[in-house]
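A.B. asks: Residue numbers (our numbering): 18 to 191.
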Amino acid sequence: MDKHTLSVLVENAPGVLTRVAGLFARRGFNIDSLAVGRTDRDDVSRMTIVVEGDKPLIEQVTKQLHKLIDVIKISNITEDEYVDRELVMIKVSAEPNQRVEIMHIAGIFRARVIDLGRKTMTFECTGTEGKINAFEESLRPYGIKELVRTGKIAMLRGSKSVALGGASARELED
18 MDKHTLSVLV ENAPGVLTRV AGLFARRGFN IDSLAVGRTD RDDVSRMTIV VEGDKPLIEQ
78 VTKQLHKLID VIKISNITED EYVDRELVMI KVSAEPNQRV EIMHIAGIFR ARVIDLGRKT
138 MTFECTGTEG KINAFEESLR PYGIKELVRT GKIAMLRGSK SVALGGASAR ELED
């Protein structure tokens with residue numbers, strides 16, 4: 018089964034995330050990744066949802082999402098050209114004699130130190146899923162103390178857009 022990336026514009030209102038996640042749970046669909054954030058408009062949020070499944074399953078998911086009143090626009094951007102990123106923060110064990118070596122690894126992945134403890138170092142790194150996976154695996158031998166990772170966010174390349182364009186709040190209500 019293939020992974021599909023859906024870009025879903027929704028009203029920025031309480032309970033929308035719960036309704037969308039509930040739809041997936043009730044239908045037995047697993048969400049591989051979910052990231053939500055406000056867009057350039059205060060009243061609209063974008064959900065980037067990664068779902069594993071074949072085309073009929075994705076069509077079913079899309080039809081079900083369209084039924085939710087808070088959903089404004091759904092785009093399956095999987096087959097389009099897009100850029101995507103994830104963010105990870107990783108805290109690793111770092112004895113003083115290991116820090117130069119660990120910093121070298123972080124430099125390869127363009128990660129930044131965001132905290133330094135007596136026996137730990139915490140890094141942030143952004144990139145594709147593959148880059149984040151490779152960074153995590155490179156640090157694993159040192160002992161990962163804690164790890165937190167966002168879901169994928171994605172945007173179409175070039176002049177293509179999932180945005181609403183010039184739609185006003187009134188048009189969204191109609």
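Virtual Cβ for every residue (Gly too), placed ideally from N, Cα, C.
Remember, predicted model here, so these are calculated numbers, not experimental data.
Measure the beta-carbon distance from L85 to R36 and round it to whole angstroms, keeping in mind my assumption that it falls under 8 Å.
C.D. replies: Rounded, the Cβ-Cβ distance is 6 Å, consistent with contact.
A.B. asks: Extract the residue ranges of the beta strand (DSSP E) inside the segment 25-111, only unbroken runs of 3 or more that lie entirely within it.
C.D. replies: Whole beta strand (DSSP E) segments, 3+ residues: 48-55, 61-70, 88-93 and 99-110.
A.B. asks: Just confirm the distance between the C-beta atoms of L156 and V117, as a whole number of angstroms; I'd bet it's less than 8 Å.
C.D. replies: Going by Cβ atoms, the distance from L156 to V117 rounds to 14 Å, so no, they are not a contact pair.
A.B. asks: Which same chain residues, not among the five before or five after V130, have their C-beta less than 8 Å away from its C-beta?
C.D. replies: Excluding sequence neighbours, V130 sits near M120, A123, M138, T139 and F140.
A.B. asks: On the three-pair Cβ rule with 8 Å, is the segment 94-114 touching the segment 158-177?
C.D. replies: Because the criterion of three Cβ pairs below 8 Å is met, the segment 94-114 and the segment 158-177 touch.
A.B. asks: So who's on the other strand from I170, going by DSSP bridges?
C.D. replies: R102, per the DSSP bridge assignment.
A.B. asks: According to DSSP, is M120 part of a helix, a strand, or is it coil?
C.D. replies: The answer is helix: DSSP assigns M120 an H, G or I state.
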